[in-house]
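Those letters in the sequence shown? Residues 7 to 228, per my numbering, in order.
Report on the structure given below.
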Amino acid sequence: MALPLALRLAGSLKIEHADRVPLDGGVVIVANHAALVDPILVCAAAPRRLRPIAKRELFETPLIGWTVWLYGAFPVRRHSGDLGALRAGRNHLRAGRAVLVHPEGTRSPDGRLTPGLPGSAVMALLGGAPIVPCAVTGTSPIKGPRSILRALMTRSLSIRVVFGEPFDLDEGRPTAERAEVATDLIMRRIAELMPEEYRGAYGPDSEGQVVVARHRDDDAPE
């Protein structure tokens with residue numbers, strides 16, 4: 007793919023433990039989100055096709071809308087508990103497909119983890135699917151095409167995409183409390199794959215707490 011190739015030329019791009027992604031059956035890939043390129047990188051790094059979940063506004067944006075459709079993405083209305091998106095994700099999982107979710111719900115402004123939203127946990131519980139955590143680091147300087155061009159000239163990027171071991175959530179009805187505990191677990195599994203300085207809300211100071219986003223303002227950074 008053109009973008010991952012460009013990023014390799016702009017510095018280094020390391021992909022680790024992609025073999026941890028099951029090659030068949032429903033699975034939820036959960037990854038942090040620091041830059042617009044993150045879902046493209048995770049899709050390129052995975053050994054099977056992923057179906058990303060993306061904010062509905064992207065589908066309405068010229069060129070970008072075509073790109074997310076090409077990747078097999080399906081839309082979600084953020085900040086609304088979109089039941090349609092949860093059902094679509096559940097149906098993909100039950101059909102044996104792999105779904106990519108960014109539990110933070112929006113891009114982190116500095117690359118450090120922010121509290122996760124419970125949608126990915128609910129989707130995994132409804133679909134009865136295992137979860138594979140994934141951490142992407144080194145993409146936060148990428149703010150748009152110009153930053154990629156600058157990186158191509160300076161070869162300054164050092165990007166790492168690493169997959170963790172699959173794990174299952176306890177079976178049972180996805181109550182609000184269970185979804186919050188599961189979300190905290192998901193985010194901590196992502197944090198374990200990241201350098202400590204990027205763990206943010208899931209760093210050492212948060213041990214023993216259940217850290218979950220209760221609300222995210224619509225004007226949060228994309």
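Note that CB positions come from ideal geometry on N, CA and C, so glycine has one too.
Buried/exposed call for residue i, threshold 16 Cβ in 10 Å
| i | result |
| --- | --- |
| Pro-210 | exposed |
| Phe-169 | buried |
| Pro-121 | buried |
| Arg-195 | buried |
| Arg-220 | exposed |
| Leu-199 | buried |
| Pro-201 | exposed |
| Gly-214 | exposed |
| Gly-134 | exposed |
Strand pairing of residue i, partner residues [DSSP]
| i | result |
| --- | --- |
| Cys-140 | Ala-37 and Phe-169 |
| Ser-212 | DSSP output for Ser-212 lists no bridge partner at all. |
| Arg-156 | DSSP output for Arg-156 lists no bridge partner at all. |
| Ile-148 | Bridge partners of Ile-148: none, in fact. |
| Val-218 | Gly-122 |
Segment limits, alpha helix (DSSP H) that includes residue i
| i | result |
| --- | --- |
| Thr-189 | 182-198 |
| Val-48 | 44-51 |
Whole-angstrom C-beta distance between residue j and residue i, which should lie under 8 Å
| i | j | result |
| --- | --- | --- |
| Leu-106 | Pro-45 | 6 Å |
| Thr-112 | His-39 | 7 Å |
| Ser-126 | Ile-192 | 6 Å |
| Leu-175 | Leu-131 | 6 Å |
Complete runs of the alpha helix (DSSP H) confined to the region 80-124 [at least 4 residues] = 89-100
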